[in-house]
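Worksheet: one structure, shown below.
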Amino acid sequence: GAVWAVLGVVGDGHPDRKHPGGAGRARARELLEVIEEMRAEGHDMAPGHAGENLTIAGVDWSTVVPGNRYRIGHEVEIEITSYTTPCATNARWFVDGKFGRMSQQRHPGESRVYARVLREGTIRTGAAFEPL
């Protein structure tokens, strides 16, 4: 499984550490059902395409909001810090380059989110994602 540290997944670098990085923005999380909805709309999305390093399924994503805290598996604890700002780097995945499809303002409850790691640990595929 992936080992989560304060700045995100160990060994998962990012070419632009200034914008997506930092202790309060330890990379993005996305809901699988939102990715599948985007694919149904014709966008070439898949887990990880937009830079997220954790894809979650089976959660009411509209309840995953800044300030909420979650446990992932038995060890990792995170706090959602903010919604992500869509980045033009992701335009290649969207029909006509319309990457604003990931915007919280345009599509509330479907945006990726940043989180701060409160407790480090290992996350395995299929780990539970539950509120603290």
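19 is the number of the first residue of the sequence shown in this note's numbering; add one for each residue after it. Here a beta-carbon is modelled for each residue, glycine too, at the ideal position from N, C-alpha and C.
The alpha-carbon separation between residue 90 and residue 102 amounts to approximately 20 Å. Contact check for residue 145 against residue 97 fails: the beta carbons are separated by 8 Å or more. Going by C-alpha positions, residue 85 is about 34 Å away from residue 114.
Following the DSSP letters along the chain, one finds residue 68 in no alpha helix (DSSP H), marked with neither H nor E.
Rounded to the nearest whole angstrom, the C-alpha separation of residue 59 and residue 104 is 18 Å.
Here DSSP, grouped into helix, strand and coil, assigns residue 95 to strand. Bounds of any beta strand (DSSP E) do not take in residue 58; it lies within the alpha helix (DSSP H) bounded by 50-58.
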